[in-house]
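Visitor: All residue numbers for the sequence shown refer to this note's numbering, where the first residue is 102 and numbers rise by one.
For each residue, glycine too, the CB sits at the ideal point set by N, CA and C.
In this text, all values refer to a predicted model and were calculated from it rather than measured experimentally.
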Amino acid sequence: MGIKNTRNTLRKSLSVFRYSGRAINLVWTTSRTLTLVLAALTLVAGLLPAAIAYIGKLIVDAVVSAAQGHLVTGYHPLVYVGLEAIAVALLAASQRGLLVCQALLRALLGQRVNILILEKALTLELRQFEDSEFYDKLTNARREASVRPLSLVNRIFGLLQNALSLITYGVLLIKFSFWAVIVLILAAMPAFIAETRFAGEAFRIFSWRAPETRQQHYIENLLAREDFATEIKLYQLGEMLLERYRNIFTQLYSEDKDLTLRRGMWGYLLSLVSTVAFYIAYAWIVLEAVASKISLGDMTMYLTVFRQGQSTFANALTSIGGMYEDNLYLSNLYDFLEEKVTKPWGEATKGLFPQDGIRFENVSFTYPGSSKPALKNISLHLKPGEKLAIVGENGSGKTTLIKLLTRLYTPDSGRILLDGLDLQEWDVDVLQKRIGVIFQNFVRYQFTVGENIGIGDVNNLEDKHLWQIAAQKGLAQTFIEKLPHSFQTQLGRWFKGGQELSGGQWQKIALARAFMRTQADILVLDEPTSAIDAQAEFEIFNHFRTLTQNQMVFLISHRFSTVRMADKILVIENGEIIEQGTHQQLLETGGLYARLFFLQAAGYQ
Ligand code: ADP
């Protein structure tokens, strides 16, 4: 048992080096020149201290023999003093150089790792973003990982430098006594093991608390962002949120404090062991010098070696503790970067029957982690150019249907066909080019008006002519022209000169964005006019057929004035289609649709 434990502890301690190779590789591929310079300077900075100690010995010995009136056998003591001055200057240069290299590498590496993380984030599926555990991974990776690789590499080099110094010190010492060296090494072990242990604990605390940290960030966001300010103020939420923020901190702090105190105490006690060992050896050297068994110069050198040996050793310990921590953080980063993404495998760019449009065949879907299906046995068919309206109460599954259609999620059973070919077999890029969509929670980019519209078609992002056409179709043209810089007006409040729009104006921008996608023959509109004034809505839908002449439209709306214009209407309840037909047919059936229609119509009388 004892042996097994020791072995485990040792293995754990050695795992310090697990990610070192990858970290070095990352740094190396980021900048070869800087890495080489860093290595060379490390070498110089590692070797010089022992050389300086040795020169010190030469000085003392030369002084002693000169004072005793012996014929000077070596050089004049001043020559050695000069030599030492040069060595010290070199050491200072190399240390400064190391700092400069590190600062440069830190910037490059931080950027590189952030890009790696963001590139990875782009390949993720919506499902992964909605998974809170996964989100924690992302948060952890983003928070620390951009500084950790360099920190690890710095520590590796620092450790090498310390090791070189310690070895050369050892070489100087070994002339004195082999055993002294062994005892010093052994005395260092407890402190080393304690360091790695506490670093491990610190990391575990850090990973566990990702949810709390995220909550804290969220509250910070709520309190500090303008979009939330109105509600926070009027509902007087400030104090309550601040209190929550404080409570999370207090809880985290008490864990931190405990660990920091324990770490400090144990670290001190165990390093005391090595300090005692150091000083016993120290006393031994002094006694030997008193007995004239070693020269005064030797004694001076040993004493220097001892003093510096101890601080070098303390540095090495800190490096190792830090390396362990860095390694753990990097494991987090690589966990995230290596998270599996299911590559979309479809390659088709054309369907089998181009005139077939869209078919849902018995499509069912349940959200991951949910027990109730969001959609059950949905079947429908929409031919090119046809317009479909989907009606149903909140939570009935309308948006989910759209998410399946746009391939943000994959059906659990059944198929969705476009032009006779399963969506899964389509090349994702080709498929997405064919779809223009406005979601209820469309994004309000803090860019210019023009860009906000242009985003609907990345390839023509800057095409001013297309902006105008799209803006006209979305009825946004009139108010855009009244803005201070027209299409060049910066939107949102984050950046200088930003202009805020009303909800309805934003929605018109979103509509224009969808019309920007001229290549798209499928238009998906999830409550596109909920915030738009009655006049504008009337105009949009009067022209709707002309605007979307060649497009299939999926329209979700609660406004029957809009819905009734569709060729087909789908009524969904609890994830199932309960009625299907034209406005007229559904009214004649006298079902749910008819009831809701008359209910709304009565409200207007
Ligand atoms: P609608 O658009 O008709 O208001 P949705 O399609 O958004 O309704 O939601 C249908 C059902 O699926 C609801 O019961 C909702 O709670 C659930 N749901 C929606 N989005 C998610 C999600 N990302 N994860 C889990 N369940 C969801």
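With a threshold of 8 Å, establish whether the CB of lysine 473 neighbours any heavy atom of the ligand ADP.
Guide: True, at least one ligand heavy atom lies under 8 Å from that Cβ.
Visitor: Enumerate in chain order the residues of its own chain whose CB-to-CB distance from arginine 228 is below 8 Å, with the five nearest sequence positions on each side excluded.
Guide: Pro469 and Tyr510
Visitor: Output the residue ranges of the alpha helix (DSSP H) runs that lie fully inside the region 213-251 and measure 4 residues or longer, sorted by chain position.
Guide: DSSP runs (the alpha helix (DSSP H)) wholly in the region 213-251: 227-230 and 233-245.
Visitor: Just verifying my parser: in three-state terms, what is the DSSP assignment at leucine 688?
Guide: helix
Visitor: Less than 9 Å between CB atoms is the rule here; does leucine 370 satisfy it with respect to chain B?
Guide: Protein chain content of the structure displayed is limited to a single chain, and chain B is not contained in it.
Visitor: Using only the alpha-carbon positions, how far apart do valine 654 and threonine 500 sit?
Guide: 14 Å
Visitor: Would you call arginine 633 buried or exposed, if buried means 16 or more other Cβ atoms sit within 10 Å of its Cβ?
Guide: Rather than arginine, the amino acid found at residue 633 in this sequence is isoleucine. Under this definition isoleucine 633 is a buried residue.
Visitor: Going by the CB atoms, is the gap between isoleucine 539 and arginine 614 shorter than 9 Å?
Guide: Taking 9 Å as the Cβ cut-off, arginine 614 and isoleucine 539 qualify as a contacting pair.
Visitor: Just curious, the beta strand (DSSP E) that aspartate 627 is in, first and last residue?
Guide: 623-627
Visitor: With a threshold of 8 Å, are at least 3 pairs of Cβ atoms found where one atom belongs to the region 518-534 and the other to the region 454-471?
Guide: Cβ pair count under 8 Å is three or more, so yes.
Visitor: Where do the N-terminal and C-terminal ends of the beta strand (DSSP E) with arginine 460 fall, by residue?
Guide: Looking at the DSSP string, the run of the beta strand (DSSP E) that includes arginine 460 is 459-466.
Visitor: Rounding to the nearest angstrom, what Cα-Cα distance links tyrosine 270 and alanine 151 in this structure?
Guide: 6 Å
Visitor: How far does the alpha helix (DSSP H) with glutamate 638 in it reach, from first residue to last?
Guide: Annotation: the continuous alpha helix (DSSP H) that includes glutamate 638 extends over 635-643.
Visitor: Do you know whose CA, among Ile153, Arg326, Phe437 and Ala140, lies nearest glycine 183's CA?
Guide: Out of Ile153, Arg326, Phe437 and Ala140, Ile153 has the C-alpha closest to the C-alpha of glycine 183.
Visitor: Answer with buried or exposed for arginine 197, where buried requires no fewer than 16 other C-beta atoms within 10 angstroms of its C-beta.
Guide: A residue is called buried when at least 16 other Cβ atoms come within 10 angstroms of its Cβ; arginine 197 does not meet this threshold and is exposed.
Visitor: State the start and end residues of the unbroken alpha helix (DSSP H) segment that holds isoleucine 673.
Guide: No alpha helix (DSSP H) contains isoleucine 673, which is instead part of the beta strand (DSSP E) from 669-674.
Visitor: If I'm right that leucine 576 touches isoleucine 641 with Cβ under 8 Å, what's the distance once you round it to whole angstroms?
Guide: Yes, they are in contact, since the Cβ atoms of leucine 576 and isoleucine 641 sit about 6 Å apart, within 8 Å.
Visitor: Suppose you measure from the CA of serine 631 to the CA of glutamine 701; what does that come to, to the nearest Å?
Guide: 15 Å
Visitor: With hydrogens ignored, establish whether the beta-carbon of glutamate 462 is closer than 8 Å to any heavy atom of the ligand ADP.
Guide: no
Visitor: So, at 7 Å on beta carbons, what are the nonlocal neighbours of asparagine 255 in its own chain, with the 5 sequence-adjacent residues on each side left out?
Guide: Gln203
Visitor: Assign valine 442 to one of three DSSP states: helix, strand, or coil.
Guide: Coil.
Visitor: Between which two residues does the alpha helix (DSSP H) holding leucine 370 run?
Guide: 339-391
Visitor: Name the one or two DSSP bridge partners that histidine 482 has.
Guide: Arg460
Visitor: With DSSP run on the structure shown, which of helix, strand or coil describes isoleucine 306?
Guide: helix
Visitor: Between isoleucine 556 and glutamine 652, what straight-line distance do the alpha-carbon atoms span, to the nearest angstrom?
Guide: 20 Å
Visitor: Apply the 10 Å Cβ neighbour rule to valine 272 and answer buried if 16 or more other Cβ atoms are within range, or exposed otherwise.
Guide: exposed
Visitor: Should glutamine 262 go down as buried or exposed, given a rule of 16 or more other Cβ atoms within 10 Å for buried?
Guide: buried
Visitor: Alpha carbon to alpha carbon, how far is leucine 138 from glycine 365?
Guide: One point to set straight first is that residue 138 is valine, not leucine, in the sequence displayed. Valine 138 and glycine 365: Cα-Cα distance of roughly 35 Å.
Visitor: Is the beta carbon of phenylalanine 379 sitting closer than 9 Å to the one on glutamine 352?
Guide: Not in contact: phenylalanine 379 and glutamine 352 (Cβ atoms no closer than 9 Å).
Visitor: Taking Cβ positions, are glutamine 67 and phenylalanine 588 nearer each other than 9 Å?
Guide: Residue 67 is absent from the structure shown; the chain starts at 102 and stops at 706.
Visitor: Alpha carbon to alpha carbon, what distance is there between glycine 692 and phenylalanine 699?
Guide: Their backbone Cα atoms lie some 11 Å apart in a straight line.
Visitor: If you count every other CB in all the chains shown that lies within 10 Å of the CB of glutamate 321, and 16 or more means buried, which is it?
Guide: exposed
Visitor: Taking 9 Å as the threshold (C-beta atoms), are leucine 418 and tyrosine 292 in contact?
Guide: Looking at the sequence provided, one finds alanine at residue 292 rather than tyrosine. Taking 9 Å as the Cβ cut-off, alanine 292 and leucine 418 qualify as a contacting pair.
Visitor: Between isoleucine 679 and valine 559, what straight-line distance do the alpha-carbon atoms span, to the nearest angstrom?
Guide: Using only the alpha carbons, I get a separation of about 39 Å.
Visitor: Give a yes or no on contact between the region 679-688 and the region 644-651, applying the rule of three or more CB pairs nearer than 8 Å.
Guide: No contact exists between the region 679-688 and the region 644-651.
Visitor: Which class does leucine 592 belong to by DSSP, given the choice of helix, strand or coil?
Guide: If DSSP states are grouped into helix, strand and coil, leucine 592 belongs with the strands.
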